[in-house]
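Quick note: the sequence shown uses my numbering, first residue 4, plus one each step.
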Amino acid sequence: SLVVLFGATAGAYGAKLGSDERELILLVWQVVDLHSKKVGTLHKSLVKADNLDLSDQCREVSGLTPEGLGKAEPLDRVLQQFSQLVSSDLKVLGRSSYTLCSDGQLLIRQVLHPETSKKNFLLSDCFYSFYDLRKEFHTCYPSSAAVKDQTIKTMAEYLGLGTDEAEEDFGVWQVKTMVAIIFSMLSEGCNHIFTEPETVKYKYETGPCSKSETVDSETVIRARGLPWQSSDQDIARFFKGLNIAKGGVALCLNSQGRRNGEALVRFVNSEQRDLALERHKHHMGSRYIEVYKATGEEFLKIAGGTSNEVAQFLSKENQVIIRMRGLPFTATQEDVLGFLGPECPVTGGKEGLLFVKYPDGRPTGDAFVLFSCEEYAQNALKKHKEILGKRYIELFRSTAAEVQQVLNRYMSTPLIPTLPTPIIPVIPPPYTIATGSIRDCVRLRGLPYTAGIDDILEFMGDATGDIKPHGVHMVLNQQGRPSGDAFIQMKSADKAFMVAQKCHKKMMKDRYVEVFQCSGEEMNFVLMGGTLNRSGLSPPPCKLPCLSPPAYAAFQTAAVIPAEAAALYQPQALLPTTRTPQASAAAPPAVTYYPAQAAQLYMNYTAYYPSPPVSPTTVGYIAAPPGAVAAAATATHTPILPQPGALVRMQGLPYNTGMKEILSFFQGYQYAPDDYNGLIQLSDQARSVLQAPKEWVCL
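In structure tokens:
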């Protein structure tokens, strides 16, 4: 038997049914015995929605009013009545089982399942299997219109059935016409058999994904705006009624390994994906979720993995995954099992634990744990921020895709960043940034993000001849991308004034650029991370040294430091090459060189960064004792050119190693104190820093 079902919501109708999250307000159904071709009683039931504000289209099409709906029963009561009335009709017809049949998939997938999920009550099993009358009709009549273009009216017209909707109440005509269409399909000329119903998955299935898999781009979406604590089950609940592929939810992580509010979701076919796109800006709690198309490559990049260890860990299906973060590096499997306790047993004991490690085997402090049921997982989550050893442990719900993502991230991390091969010249004075109050600089604000040095020079026109050598300084943001600002050092304050007057609000690539006159001091404040506005200067947010500054692609071949500071950290001061007593006399006087990545080790990264290589003299905020830097800056010196091979890379250092231990390790290869004079002409205060590296607090 079939139960022909039709419904309507308080909002959109037809092809957009359910796309606006409006509640169900009408259900009409009738039982059809396919063997005897008999029908049961036709039932029509109004549903009381929480929001009785009906759309204009709903009022016009259905003729329903808020007053009439206010007297109806809520959805859970209507569904109970539905089950009872269907059972009684089946008994009259001598039948016991049935399958739903609806006009398309929207009523069941986009209305009933999402709404009952939000209202926290379960649908009966009959709503997880149904026949799509449009697909069945197209199978029976291949020459009819495409499935997506079918409606009850077009199917009736194709068969020559009456289509006067005005004769019946809204919903009643639709069900009667659907029944007539089914009887036509059962006639001797067609003898159609209903054999393959549509199915709705009861729950989301977890599972691993290999990078070698082929993922159809027509089945993947990107969900944006998710609550940070949402799990794969929460996302599956948001898409309730749609069939997500096994292991098809991949939560995206940011550069710090934390969730960024986005997820990639893979569906079983393109039809399900298209229905998912209709849930754009539907709500998860109080947040609306944006849904966009994505590609299979994007999904594999996040969810795909190659590790056999991970594949074996995730091979245990239908497990709840919990991520533990902040574990002591010395924590063992026994420690973790003891921390979780007997109230939340781990699936398979030690086999249900997966520690995340660096490529060299060092622990990261992360681990993933498998639990066989939701109850055990909930017990484990109650231990969030409890103490193990001397550290508190964070516990979160996780996914198979997140396991892959975290493992991929750590396993691809290089042990030590490789030094770039180019050696970048550092221009010594006189090309240093002015630090006084003379307003011989200009600030460009509002530059297009695609603008380069050539664009700025073209923008300034004839005034480019008045720019100091190496006087163009682009300002980059924390991600190493252009911030829209730039500073230019002019040869005099008069030249800066003329440029500001001439170029202010001049157009560059469809944008007008503001040009202001400023001083070298103001420019330095901004380049070091401060702000310059109408109320004056705001100092940089942080002047403390960073022990491990991030490496940005924009700096891979360009970071440099000024010569007076480079003198303090000459590589040959620690690792000399073959030298002669005449080395200082033969030293070339013009240029000091310093490798780019090594220079980054001493930079103070704050909010903004100067951009090399067009402004090589702007980088050099050395996190060394201020007195030592000042002494080195005031001393006259003749820098020498380090020989190739003056740098070595040390791997496998103990975690507590300091500068003193490293210098002691190289004892015998250092210059004697008197030999520093032959390298760099320094004051006594600066020389004391080199001779007593234990005082270099920046390291």
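Note that beta-carbon positions come from the ideal geometry of N, C-alpha and C, so glycine has one too.
CA-CA distance, G661 to T333, rounds to 21 Å. In the three-state reduction of the DSSP assignment, I28 falls in the strand class. Under the rule that a run must span 3 or more residues, the beta strand (DSSP E) segments found entirely inside the segment 66-121 read 102-105. If you look at H476, you'll find it in the beta strand (DSSP E) that goes 470-479. Beta-bridge pairing by DSSP links P485 to L479.
Here DSSP, grouped into helix, strand and coil, assigns N411 to helix.
Proximity to G355 across G368, E160, N194, E320 peaks at E320, based on C-alpha coordinates. At the C-beta level, A496 and R442 come within 8 Å of one another. Below 8 Å, too few C-beta pairs join the segment 89-105 and the segment 143-153 to call them touching: fewer than three. Our two residues, C444 and K512, have alpha carbons roughly 23 Å apart in a direct line.
Separation of E63 and L280 (C-alpha to C-alpha, rounded to the nearest whole angstrom) is 27 Å. Secondary structure note for M511: its beta strand (DSSP E) is the uninterrupted segment 509-511. In the three-state reduction of the DSSP assignment, C212 falls in the coil class.
Cα atoms of H387 and Y134: separation of roughly 46 Å, rounded to the nearest angstrom. Contact between V516 and A503 is absent: CB atoms are separated by about 11 Å, not below the 8 Å threshold. Runs of the alpha helix (DSSP H) lying entirely within the segment 166-212 and spanning at least 4 residues, in chain order: 175-189. Between E293 and H283, the CB-CB gap stays under 8 Å. Contact between R240 and G329 is absent: CB atoms are separated by about 28 Å, not below the 8 Å threshold. Under the three-state reduction of DSSP, K19 is assigned to helix. Scanning the segment 304-354 from its first residue to its last, the whole alpha helix (DSSP H) runs of 4-plus residues come out as 311-317, 336-343.
DSSP places F668 within a helical segment (H, G or I) once states are collapsed to three.
Each residue's CA atom was taken as its position, placing K122 and V529 some 53 Å apart. The continuous beta strand (DSSP E) containing Y395 extends over residues 394-400.
In its chain, beyond the 5 residues on either side, no residue has a beta carbon closer than 6 Å to the beta carbon of Q232. For I305, same chain residues with a beta-carbon under 7 Å away, outside a window of 5 residues either side, are A253, C255, L267, A404, Q408 in chain order.
The beta carbons of R326 and F371 sit closer together than 8 Å.
If you look at N527, you'll find it in the alpha helix (DSSP H) that goes 523-530.
In the structure shown, V64 falls within a helical segment according to DSSP collapsed to helix, strand and coil. Residue range 273-280 is occupied by the alpha helix (DSSP H) that includes S273. Straight across, the Cα-Cα distance linking S190 with K179 is about 17 Å. Boundaries of the beta strand (DSSP E) harbouring L373: 366-374, taken from the DSSP string. Our two residues, L49 and E208, have alpha carbons roughly 35 Å apart in a direct line. In this structure, F124 places its C-beta atom within 8 Å of the C-beta atom of D79. DSSP, read as helix, strand or coil, puts K156 in helix. Under the three-state reduction of DSSP output, D36 falls in the strand class. One Cα belongs to V150, the other to P200, and the distance between them is close to 15 Å.
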